[in-house]
Amino acid sequence: RGPPSPPPPTRQAAGLHRSLCAQQQPAVEGIPSGPWGTYLAAMAGCGAALGPCLDGYHSAFGVLKYTNPIPIGLGGVKFLETDWWVPPMFSLAAVILAVSYPVLDSLFGVEVAKRSPSGPWILSCIAYFCFQYWSSGLLFSQGASLPTINLSLAVTAVACVALFDRTPTGLVMAIVTGVAGPLVELGLLLGWPEVTGSKLYSYSQPDFAGAIPLWIAWVYACGAPAVGNLGRG
32 RGPPSPPPPT
42 RQAAGLHRSL
52 CAQQQPAVEG
62 IPSGPWGTYL
72 AAMAGCGAAL
82 GPCLDGYHSA
92 FGVLKYTNPI
102 PIGLGGVKFL
112 ETDWWVPPMF
122 SLAAVILAVS
132 YPVLDSLFGV
142 EVAKRSPSGP
152 WILSCIAYFC
162 FQYWSSGLLF
172 SQGASLPTIN
182 LSLAVTAVAC
192 VALFDRTPTG
202 LVMAIVTGVA
212 GPLVELGLLL
222 GWPEVTGSKL
232 YSYSQPDFAG
242 AIPLWIAWVY
252 ACGAPAVGNL
262 GRG
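32 is the number of the first residue of the sequence shown in the working numbering; add one for each residue after it.
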């Protein structure tokens with residue numbers, strides 16, 4: 032007679048085994064492992080904080096004019112002006128990019144190293160985007176021709192993707208953002224007044240649909256790698 036067979040596992044033991052196995056499953060690379068709510072709230076906060084500062088460049092350089100500008104300053108010194116709808120719009124854009132990047136990284140099988148950029152790399156990309164945003168306003172204020180502005184911003188946008196996000200995700204999102212951003216602005220400039228009877232803002236020299244300058248598409252395209260890498264980090 033051999034040794035007695037071990038007793039069959041109880042339901043409690045089987046449940047514990049399944050729970051432990053589930054905990055040992057690795058997270059999908061590129062997808063935030065923590066709570067999505069915290070991750071998206073952080074991205075929304077970054078968008079709300081940075082967006083008005085960037086859009087403030089265009090207001091300061093006369094690229095656009097808010098209908099009801101809200102000055103932001105301290106001690107009588109105005110730093111920038113914005114409007115109530117600007118932070119929510121930039122927050123929404125940041126959240127959309129924050130969701131899109133990790134999902135597309137996973138679908139495209141982007142290398143793990145490229146999904147986790149370093150802090151200095153992220154800050155460098157954001158600084159580059161801020162410079163491009165500022166330079167777009169400067170070129171406009173100095174009376175540069177539309178072909179000159181378009182060419183300059185196109186080169187800087189393509190360079191941003193090539194330098195900071197040479198991935199399928201980066202290319203796709205730069206194109207999508209470069210198209211979707213101006214379309215959203217057309218909705219704000221043409222659709223919002225039809226619904227509410229009031230304008231939110233206007234561009235000084237629109238050259239498309241009587242509403243937006245076409246070169247704004249290159250600014251949107253350049254912003255995708257900056258926000259995307261921030262979300263990855």
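Just so you know, even glycine gets a beta-carbon here, dropped at the ideal spot from N, CA and C.
State the beta-bridge partners of residue i as determined by DSSP.
i: Ile103; result: Leu111
i: Ser229; result: BP columns for Ser229 are empty, so no partner.
i: Phe239; result: Ile243
i: Gly234; result: For the sequence presented, residue 234 should be read as Tyr rather than Gly. DSSP output for Tyr234 lists Leu95 as bridge partner(s).
Within the same chain, show all residues whose beta-carbon is closer than 6 angstroms to that of residue i, passing over the 5 residues directly before and after it, in chain order.
i: Gly212; result: Tyr251
i: Ile103; result: Phe110, Leu111
i: Ile180; result: Leu170, Trp246
i: Phe239; result: Leu245
i: Phe139; result: Pro199, Thr200
i: Ala185; result: Trp249
i: Phe160; result: Cys253, Gly254, Ala257
i: Leu261; result: Ile153
Cutting at 8 angstroms between CB atoms, please list the residues of its own chain near residue i, excluding the five before and the five after it.
i: Ala248; result: Gly209, Val210, Gly212, Pro213
i: Gly78; result: Pro118, Phe121, Ser122, Leu123, Ala124, Ala125, Val126, Val258
i: Pro57; result: Note that Pro57 has pLDDT 41, beneath the 50 cutoff, so the model's placement of it is unreliable and the number below is only indicative. Taken in chain order, the list of residues that qualify is empty.
i: Gly188; result: The question names Gly, but residue 188 in the sequence shown is Ala. Excluding sequence neighbours, Ala188 sits near Gln163, Ala205, Gly209, Trp249, Val250, Ala252, Cys253.
Closest by CA to residue i, which one among the options?
i: Asp86; options: Ala185, Pro148, Tyr234, Pro256; result: Tyr234
i: Ala80; options: Gly150, Ser122, Gln163, Ser167; result: Ser122
i: Lys230; options: Thr98, Pro237, Cys161; result: Thr98
i: Gly68; options: Val94, Val130, Asp196; result: Val130
i: Gly93; options: Gly222, Ser167, Trp116, Leu220; result: Ser167
i: Gln173; options: His89, Arg197, Leu219, Pro224; result: His89
Just to confirm my understanding: we take residue i, look at its own chain, exclude 5 residues before and 5 after, and list those with CB closer than 7 angstroms. What are they?
i: Val192; result: Gly201, Leu202, Ala205, Pro256
i: Gln55; result: Per-residue confidence for Gln55 stands at a pLDDT of 40, beneath the threshold of 50, marking its modelled position as unreliable; the derived number appears in the next sentence. No residues qualify anywhere along the chain.
Drop a sphere of 10 angstroms on the beta-carbon of residue i, count the other beta-carbons inside from all chains shown, and report buried for 16 or more, exposed for fewer.
i: Ala75; result: buried
i: Arg146; result: buried
i: Ile101; result: exposed
i: Pro133; result: buried
i: Ser149; result: exposed
i: Val108; result: exposed
i: Val226; result: exposed
Q) Along the chain, which unbroken stretches of the alpha helix (DSSP H) at least 4 residues long are found entirely within the stretch 116 to 187? A) Listed in chain order, they are 117 to 139, 143 to 146, 150 to 172.
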